[in-house]
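Note sheet for the following structure.
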């Protein structure tokens, strides 16, 4: 009986040791890529050529979609949060520039991440650092046409094209530009998305988080916009916050590729 007990105890300890040695110890750093894939409803977004139904009476052709992505954070199932360095965390996604749609975060601690959070636009904390506190991003935003002026602030989203309707039979330009209006109106929004499967960041493994951005939500979201009512919306204390809410709801996770 004693021998049997010793054997059982030995097997138990051996099993624990085997389990312990098989656990992955994560101490390094790796990269992760966020892919922003713009769509219109269930279709891939095509610029300038394809007419899309904006609502029952209006059709649009889109020629420009740009938005600022910022302040990216990754979270694990146990609540561990990695915040990407703030001064490096401002990006412009441009449908006309394929490379801009892939944001690669470097030196991310190895872990299995299950949630991503990012901002749309530039937060007040960053804006209030003044022009010199913006670093290289200010020049990039100016070059990309993502600013009105320093006093008026950044354009967080640019959505432009032409439209026709039952009442407007000739193609007519539309332009929705959304951003904070200095410090008077803060339209910065954060988006938090649960991943479909964990993003396994390792030194030798760079997962790609595929984010689909349904731009139809800009016109047809919480607030429905008719271009015949207003085809040009820029600095607007009432409509700009409504556009910001619509934009913040247009993102979903399609999949994660490890």
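Residue numbers (the working numbering): 46 to 303. C-beta atoms are modelled at their ideal positions from N, C-alpha and C, and glycine is treated no differently.
One thing to note: residue 124 has its Cβ no nearer than 7 Å to the Cβ of residue 246. Spatial neighbours of residue 299 in its own chain (CB-CB distance under 8 Å, excluding positions within 5 residues in sequence) are listed in chain order as 82, 241, 255, 256, 257. Between residue 114 and residue 148, the beta carbon gap of about 7 Å places them in contact (Cβ cut-off 8 Å).
Within the region 89-125, complete beta strand (DSSP E) segments of at least 3 residues are found at 103-121, given in chain order.
Boundaries of the beta strand (DSSP E) harbouring residue 234: 234-246, taken from the DSSP string.
Judged by beta-carbon spacing, residue 206 lies beyond the 7 Å limit of residue 288, meaning their Cβ atoms are not closer than that value. Annotation: the continuous alpha helix (DSSP H) that includes residue 183 extends over 182-188.
Here residue 129 carries a coil assignment [DSSP, helix/strand/coil]. Residue 223 places its beta carbon 7 Å or farther from that of residue 262. Around the Cβ of residue 186, a 10 Å sphere holds 16 or more other Cβ atoms; the residue is buried. The Cβ atoms of residue 264 and residue 84 lie no closer than 7 Å to each other.
Cβ neighbours of residue 252 within its own chain (closer than 7 Å, five residues either side excluded): 77, 244, 245, 246, 301, 302, 303. In the structure shown, residue 252 falls within a coil segment according to DSSP collapsed to helix, strand and coil.
Around the beta carbon of residue 166, 16 or more other beta carbons lie within 10 angstroms, which makes this residue buried.
Under the three-state reduction of DSSP, residue 72 is assigned to coil, being neither helix nor strand. The beta carbon of residue 221 is closer than 7 Å to those of 204, 263, 278, 288 in its chain, skipping five residues each way along the sequence.
If you draw a straight line from the Cα of residue 176 to the Cα of residue 197, it comes to about 12 Å. Using a C-beta cut-off of 8 Å, the region 229-241 makes no contact with the region 142-156, since fewer than three inter-stretch Cβ pairs fall below that distance. In the structure shown, residue 261 adopts helical secondary structure according to DSSP, grouped into three states. The continuous stretches of beta strand (DSSP E) do not include residue 269, and DSSP gives it neither H nor E.
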